[in-house]
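**Q**
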Amino acid sequence: MDEFKEEQLPQKNLEQMDGQVCPMCSKSTLTLSQYETEVPYFGNVFIFSMSCSTCNYRKADVEPEKTGEPCKYTLDVEREDDMKIRIVKSSTATVKIPHMMNIEPGPSAEGYVTNVEGLLHRVKSVLEMEKEAEEDDDVRKRVKNMLQKLQRVMWGQEKLRIIIEDPDGNSAIISDKAVKGKLSKT
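Residue numbers (my numbering): 2 to 187.
(1) Please report how far the alpha carbon of Ser126 lies from the alpha carbon of Val63, in whole angstroms.
(2) Check this for me: beta carbons of Gly112 and Ser92, under 8 Å apart or not?
(3) Under the assumption that Arg87 contacts Asn45 (Cβ atoms under 8 Å), give the Cβ distance between them as a whole number of angstroms.
(4) Under the three-state reduction of DSSP, which class applies to Gln152: helix, strand or coil?
(5) Using only the alpha-carbon positions, how far apart do Val89 and Ala173 sit?
(6) Rounded to a whole number of angstroms, what is the C-alpha to C-alpha distance between Ser176 and Lys28?
(7) Which residues mark the beginning and the end of the beta strand (DSSP E) in which Leu33 is found?
(8) Have a look at Val144, Glu166, Leu184 and Asp139 and flag the residue whose alpha-carbon is nearest the alpha-carbon of Glu131.
(9) Kindly indicate the opening and closing residues of the beta strand (DSSP E) around Lys125.
(10) Assuming Met101 contacts Met147 (C-beta within less than 8 Å), just tell me the rounded distance between them.
(11) Please classify Leu15: is it buried, with 16 or more other beta-carbons within 10 angstroms of its beta-carbon, or exposed?
(12) My output table needs one value for Lys145: the three-state DSSP class, helix, strand or coil.
(13) Do Ile165 and Tyr36 have their beta-carbon atoms positioned less than 8 Å apart in this structure?
(14) As an exercise, report each continuous beta strand (DSSP E) stretch of at least 3 residues that is fully enclosed by the segment 79-122, in chain order.
(15) If I measure Cβ to Cβ from Met2 and keep anything under 7 Å in the same chain, skipping five residues before and after, which residues do I get?
(16) Checking the sheet assignment: what are the DSSP bridge partners for Pro65?
(17) What residue range does the beta strand (DSSP E) around Glu166 cover?
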């Protein structure tokens with residue numbers, strides 16, 4: 002598979018405000034951006050982002066034009082073609098990859114529009130940082146095995162399950178292969 006390049010969606014109504022005060026470094030070098038785009042089979046979404054050129058602080062979120070019901074999407078990634086399946090993840094969603102990791106919502110959580118390959122590259126980056134920072138050899142070996150599994154999944158040689166749970170209903174996996182269910186309250 003070629004090196005991952007996250008595709009860009011056509012943007013409308015771009016609003017950008019430069020010179021805002023950054024909440025992290027308090028410098029007036031924060032840029033706020035907002036734009037609207039159409040995600041096929043999902044609908045119109047608004048993408049909000051902020052980034053600071055001084056301290057590199059970033060935050061982004063995705064909100065659909067129409068709000069949804071709490072939802073849970075499950076996708077079994079089984080072949081290389083599945084890497085192209087579109088994912089819309091809001092900042093309130095939890096991404097679960099069983100036996101590997103959970104990406105929990107919180108103050109630093111981001112929303113984004115990507116595909117399975119893009120999500121797996123995000124997971125890979127987190128695992129690589131964890132492996133470098135870990136001192137326990139057993140944990141490093143376990144993380145190394147997870148990274149190898151991710152690579153095999155991207156090559157279509159191994160299967161993986163992705164679960165997205167969003168209490169606000171602002172996330173989706175856009176594919177006939179994805180199973181949409183109700184989010185159970187625990």
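Even glycine gets a Cβ: it sits at the ideal position worked out from N, Cα and C.
**A** If we stick to the structure as given:
(1) 21 Å
(2) yes
(3) About 15 Å separates the beta carbons of Arg87 and Asn45, which is beyond the 8 Å limit, so they are not a contact pair.
(4) Of the three classes helix, strand and coil, the one that applies to Gln152 here is helix, per DSSP.
(5) 5 Å
(6) 43 Å
(7) Leu31 to Val40
(8) Glu131 has its Cα closest to that of Val144, out of Val144, Glu166, Leu184 and Asp139.
(9) Note, Lys125: premise wrong, no beta strand (DSSP E); alpha helix (DSSP H) at Val117 to Ala134.
(10) 5 Å
(11) exposed
(12) helix
(13) no
(14) 87-90, 95-98, 102-104 and 113-116
(15) With a pLDDT of only 38 at Met2, under 50, the local geometry of the prediction cannot be trusted, and no value is derived from it.
(16) Val46
(17) Leu161 to Asp167
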